[in-house]
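Peer 1: Residue numbers (the numbering used here): 170 to 427.
C-beta: ideal position from N, C-alpha, C; glycine also.
Encoded structure:
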């Protein structure tokens, strides 16, 4: 395996494909791939850490998806549990996620306020632990930007970006270090994503499959990388190398010996 052929899959849910043994085997034994295994609930956070310990090429993100949040009365319990998990598994937990805002499936202002309060708690958790955020944002880019601007020197990923050019520029102008992760959504709107990818600095780009939801095979990341190469008129080997290095940078990983 050469360095130039390595791919870092920055968003996958291994705990959601436990019953598909063939798919799981293919994902985990592809030696040129590294993975961020992302949690969506508190209970699942423990599971993704356990899974990451089984494989040297799998790392974990812990947190609670905005649609699966507990009541604010459980704030101390949830945050304490996550902090304990981080303290005991710092070599494997490399991010807080997926957390954020999802206003698509609820029209309740009360629900939105609860999500925003939890969002701030997870931002604070990331700051305390010097870990990047993996942000799930749906119909909520504007509100997320308002909240993120309250903080300085954050580090994070906009997971499965689906915004417009103005939103892309606003996220990349936030204080700190931010990366944009492109998913199989790029195949649904070539004209939009071609414009975004042609504009963005390659040093801000990540790739993901969001398996098993947007794709069933991590090879889709290679297809996304080829699109990026074509649209930016860059050599594929250069794109692969830079995007892999971006992943190491956001997660502050040193895996050169792997």
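Pick helix, strand or coil for residue 271, following the three-state DSSP scheme.
Peer 2: Strand.
Peer 1: Distance check for residue 198 and residue 407, CA to CA, integer angstroms please.
Peer 2: Approximately 24 Å between the Cα atoms of the pair.
Peer 1: With 16 as the cutoff for other CB atoms within 10 Å, does residue 221 come out buried or exposed?
Peer 2: When all chains shown are included, residue 221 counts as buried.
Peer 1: Using C-beta distances below 6 Å, list every residue in its chain close to residue 227, excluding the 5 sequence neighbours before and after it, in chain order.
Peer 2: The residues are 204, 206, 221.
Peer 1: Buried or exposed for residue 170, please, with buried defined as at least 16 other CB atoms from any protein chain shown within 10 angstroms of its CB.
Peer 2: Caution applies to residue 170, whose pLDDT of 49 falls short of 50 and renders its modelled position unreliable; the value that the coordinates give is listed next. Exposed: under 16 other Cβ atoms inside 10 Å.
Peer 1: Roughly how many whole angstroms lie between the Cα atoms of residue 313 and residue 345?
Peer 2: So the alpha carbons of these two residues sit roughly 15 Å apart.
Peer 1: Verify whether the separation of the beta carbon atoms of residue 217 and residue 249 is less than 7 Å.
Peer 2: The answer is no: Cβ separation not under 7 Å.
Peer 1: Nearest-angstrom Cα distance between residue 275 and residue 236?
Peer 2: In a straight line, the C-alpha of residue 275 is about 9 Å away from that of residue 236.
Peer 1: If distances are taken between C-alpha atoms only, which option among 357, 378, 402 comes closest to residue 369?
Peer 2: Of 357, 378, 402, the residue nearest in Cα terms is 402.
Peer 1: Helix, strand or coil for residue 298? Go by DSSP, reduced to three states.
Peer 2: Note: residue 298 maps to helix in three-state DSSP.
Peer 1: Is residue 238 near residue 281, with beta carbons less than 7 Å apart?
Peer 2: Not in contact: residue 238 and residue 281 (Cβ atoms no closer than 7 Å).
Peer 1: Rounded to whole angstroms, what's the CA-CA distance from residue 257 to residue 224? Just pull it up for me.
Peer 2: Going from the Cα of residue 257 to the Cα of residue 224 covers about 17 Å.
Peer 1: On the CB-based measure, 16 or more other CB atoms within 10 Å of its CB, does residue 292 come out buried or exposed?
Peer 2: Buried is the call here.
Peer 1: Nearest to residue 350 by alpha carbon, out of 335, 322, 413?
Peer 2: Measuring from the Cα of residue 350, the nearest candidate turns out to be 413.
Peer 1: Residue ranges of each beta strand (DSSP E) run of no fewer than 3 residues wholly in the stretch 213 to 239, ordered along the chain?
Peer 2: Within the stretch 213 to 239, the complete beta strand (DSSP E) runs of at least 3 residues are 227 to 231.
Peer 1: Taking all protein chains shown into account, do 16 or more other C-beta atoms lie within 10 angstroms of the C-beta of residue 319, making it buried, or fewer, making it exposed?
Peer 2: Burial call: exposed.
Peer 1: In chain order, what are the residue ranges of uninterrupted alpha helix (DSSP H) at least 4 long that sit wholly in the stretch 329 to 364?
Peer 2: Listed in chain order, the complete alpha helix (DSSP H) runs (minimum 4 residues) inside the stretch 329 to 364 are 334 to 341.
Peer 1: Any idea which residues DSSP pairs residue 324 with across the strands?
Peer 2: Note: residue 324 sits in a beta bridge opposite 346.
Peer 1: In the structure shown, what three-state DSSP assignment does residue 422 receive?
Peer 2: Residue 422: coil per DSSP, three-state reduction.
Peer 1: Work out the CA separation of residue 348 and residue 373 for me, nearest whole Å.
Peer 2: Whole-angstrom Cα-Cα distance: 5 Å.
Peer 1: Which residue wins for smallest C-alpha separation from residue 364, given the options 378, 377, 337?
Peer 2: It is 337 whose Cα lies nearest to the Cα of residue 364.
Peer 1: Residue 312 lies in the beta strand (DSSP E); which residues open and close that run?
Peer 2: It is not in any beta strand (DSSP E) - residue 312 instead sits in the alpha helix (DSSP H) that spans 310 to 317.
Peer 1: Between residue 332 and residue 261, what straight-line distance do the alpha-carbon atoms span, to the nearest angstrom?
Peer 2: For residue 332 and residue 261, the distance between alpha carbons rounds to 31 Å.
Peer 1: Quick one: grab the DSSP three-state call for residue 405.
Peer 2: Residue 405 falls in the helix class under three-state DSSP.
Peer 1: Go ahead and pull the three-state DSSP assignment for residue 398.
Peer 2: It is helical.
Peer 1: Could you compute how far the alpha carbon of residue 353 sits from the alpha carbon of residue 264?
Peer 2: Taking the straight line from one Cα to the other gives about 22 Å.
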